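The block underneath contains the structure these notes are about, expressed in structure tokens.
Protein chains in written order, with this note's numbering: chain C, 2 to 391; chain V, 851 to 1298.
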């Protein structure tokens, strides 16, 4: 049962430290026991606060036009009508086939429990911690999910990229990697590197992992494409093999000024990320996949004085993948009219991103409701299942 | 440690060094923003020519000239990267360079578009360096009111909804406030996110900030017609209208000495210079001295370096990538003219690409909160793999045949922190570049 050993103790016990780890057949992914589920989960953190009201525009709500002079003009402004009430921002046009195939969905007017201070950094910390308040444990909810199930090994879950992915950090071992990071050293250099780093367990562990993951990412990603495409390709490669979970970030959502120009590239990156995941996953992997993209908060319902939006509360979740019951906009729409806004300022949150994520994980991995409510998202009110999965 | 420059003999010397002349600036100059903004003027001129002559050869020439100006600024940015590395490698007052980096990160600012994207080093030269040893209120004003900060945090366009200018533009344009700078000043620069401010304080401060703007030709510009009429109340204190910068300076001075600010700065300084989880007594000590002095930065630094917790013998904090690279160059004895023949391509290959892979792209932190302090953010498989690759290749590329003997390098680079494992590795490596790389990758060099 190699999967029950942490990789560190495994390597120490088998005396592999000090020789070329990458060459050992014992540590290639195929030697690990199968994870108890076969579905795939991708979590994308949209950092900076995505404007849900511009990404998926409630043009059927008459108050939208009063709140937004220049932005979110609905189908008249080129947005793509989804259901006669909501329309998708034109920059998401590459996702139309996915919407039509019912593999793309949105949940509107959702938030974390974070309120009022409207700090990106605290907002993201709470989003990734999955708790109700920013106190105590600093591990991420996706890591606590891994802690709650048996059979997880060190390459079940990948945190991809060069920034921090707190959502996946914690006691359960996960792979932290970015395409293009390969470490190729001679056997002698590896031996000496490990000798030098031996007095520093954190460094030694990271260096050992770098060698393992260099081997695991052998196939490489397309060169000369943007970094976020490489991240999506790498995620698709790993998920097509033994990985079951991937988490990464997309930045650039903090659109305080000239949002007409500044939001577009961020949405285009999101669209290309989703289409890349779909096209680069092999076999029927995409069919078994749920992608959840979430952000720390939405933005002000009113556009601000510089044709942008400031930090708000209620926002939008983006769902994609063959496992999603797509082609619809979910959520309990609170309206934008007089008295409907949160603090007369922001979209009123009517749902908790954690509850929707909890139901998706319950469906994908067969988790007990009590595990979700007590361990993964302590204190969450799951409410009723919105039926986000097929 | 440097083979070229002796370290300070004691704490007094460290502090005296901060008050002496900033000689390294003359030796390795970087363009100040007051000069840099002429580049922005020149680009705007070309844009205007192009707009007025659409479809003519003059427009095509203007476009070409604009591209030349953009490229010049980009190359200049890389040259200033080199100058920054040379300053760090040669300075006799290393503490000053550490503090410049600390405050440049605390007051992170970068341009949003065009040549302004190259303006971070010039901003540091203007706003941070000259204000390093004065009062925190002056540093706060110099940074928050700096054109690059006004650009970065969207202040330039922000105007009072009831201002003269907004009235002139008419109700259809719906111009008004942008609260980005106001929020980040309280959350990041002064009180801290746990500080005693509300959304109403953010809005009031945003109203108070209206009028701060920038013109490339003239620099900072106060626009009376952008000012929101009426007094504003921030943290319970009311600031009457003045239609000049006086209320802005007043509120920043008050924020600078607020007890929440003092606590926030004291804690951040201890985390940055000592350890992620500093001794509460150290933070209390710094906080008390900083408060007592009324925000004098020399008192802040003195409290840090005279407390025993700052001199614990263990190396703790993991160096961020830029500090790892610059301290490597200091340890190697980087020659004055090392980058004299460097092209843009050289700077990219030697510094820019490696720093991206290590997780710290040059002058491109992810947000106004700057780079993370936590060691765990840097000790990642992908980050360390990039450090190993840099350490084993780039010193050779930079130093050419002048790489030191690895066995001696253990002693110069690590001093009393050298150990037998490193000495063995330095002697047993298959090549000199690999041996140097192993010394640079030793925990004693990676931590401080």
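Every residue, glycine too, gets a C-beta built ideally from N, C-alpha and C.
In this text, all values refer to a predicted model and were calculated from it rather than measured experimentally.
query                                                                                                                     : result
Cβ shell of residue 870 of chain V (< 8 Å), same chain only, five flanking positions each side left out                   : 943
Neighbour flag for residue 119 of chain C against chain V, beta carbons, 8 Å                                              : yes
Residue 1048 of chain V - partner residues in DSSP beta bridges                                                           : Answer by DSSP bridge pairing: none, since residue 1048 of chain V is not bridged.
Beta carbon proximity, residue 1024 of chain V to chain C, threshold 8 Å                                                  : yes
Rounded separation between residue 60 of chain C and residue 86 of chain C - CA only                                      : 6 Å
Secondary structure, alpha helix (DSSP H): runs of 4+ residues fully inside the stretch 866-935 of chain V                : 873-877 and 883-902
Cβ of residue 855 of chain V within 8 Å of any chain C Cβ                                                                 : no
beta-carbon residue 253 of chain C near the ligand MN non-hydrogen atom, thresh 7 Å                                       : Within the structure as shown, the ligand MN is missing, as the structure has no ligands at all.
Short CB-CB distance (under 8 Å) between residue 1012 of chain V and chain C                                              : no
Per-residue burial, residue 883 of chain V [other beta carbons within 10 Å of its own, 16 or more giving buried]          : buried
For residue 862 of chain V, the three-state DSSP class (helix, strand or coil)                                            : helix
Identity of the residues DSSP links to residue 312 of chain C by a beta bridge                                            : C/300
Through-space distance from residue 136 of chain C to residue 983 of chain V, alpha-carbon basis                          : 36 Å
Residue 201 of chain C: contacting residues in chain V (beta-carbon distance under 7 Å)                                   : 1293
Sequence-distant residues of its chain with Cβ nearer than 8 Å to residue 274 of chain C (five each side left out)        : 45, 229, 230, 232, 233 and 251
Counted within 10 angstroms of its Cβ, other Cβ atoms place residue 301 of chain C as buried (16 or more) or exposed      : buried
Cβ pair residue 140 of chain C, residue 90 of chain C closer than 8 Å                                                     : no
Start and end residues, alpha helix (DSSP H) containing residue 1214 of chain V                                           : Where residue 1214 of chain V is concerned, there is no enclosing alpha helix (DSSP H), given that its DSSP letter is neither H nor E.
Three-state secondary structure assigned by DSSP to residue 1024 of chain V                                               : coil
Beta-carbon spacing of residue 168 of chain C, residue 143 of chain C below 8 Å                                           : yes
Under 8 Å between C-beta atoms of residue 1294 of chain V and residue 1288 of chain V                                     : no
Contacting residues, own chain, Cβ-Cβ under 6 Å from residue 853 of chain V (five flanking each side not counted)         : 1183 and 1262
8 Å Cβ cutoff met for residue 1120 of chain V and residue 1132 of chain V                                                 : yes
Alpha-carbon to alpha-carbon, residue 1146 of chain V and residue 1298 of chain V                                         : 26 Å
Within 8 Å, strictly: CB atoms of residue 1227 of chain V and residue 120 of chain C                                      : no
Below-8 Å beta-carbon distance, residue 204 of chain C vs any chain V residue                                             : yes
Cβ neighbour criterion (16 or more within 10 Å) applied to residue 32 of chain C                                          : Because the pLDDT at residue 32 of chain C is just 39, under 50, the model does not fix this residue reliably, and the point stays unresolved.
From C/155, C/116, C/189 and C/316, residue whose alpha carbon lies closest to that of residue 1285 of chain V            : C/189
Test: residue 169 of chain C CB closer than 8 Å to a CB of chain V                                                        : no
Collapsed DSSP secondary structure at residue 259 of chain C in the structure displayed                                   : coil
Cα-Cα separation, residue 23 of chain C to residue 193 of chain C                                                         : Legend: pLDDT at residue 23 of chain C = 39, less than 50; position of this residue unreliable, value from coordinates given subsequently. Taking the straight line from one Cα to the other gives about 16 Å.
Rounded Cβ spacing between residue 941 of chain V and residue 874 of chain V (contact assumed at less than 8 Å)           : 5 Å
Host beta strand (DSSP E) of residue 1068 of chain V (start-end)                                                          : That residue, residue 1068 of chain V, is in no beta strand (DSSP E); it is neither H nor E in DSSP.
Nearest candidate by alpha-carbon position, reference residue 1206 of chain V, set V/1193, V/1221 and V/1018              : V/1221
Residue 1151 of chain V, enclosing alpha helix (DSSP H) - first and last residue                                          : 1147-1156
Sufficient close CB pairs (3 or more, under 8 Å) joining the stretch 851-868 of chain V to the stretch 345-360 of chain C : no
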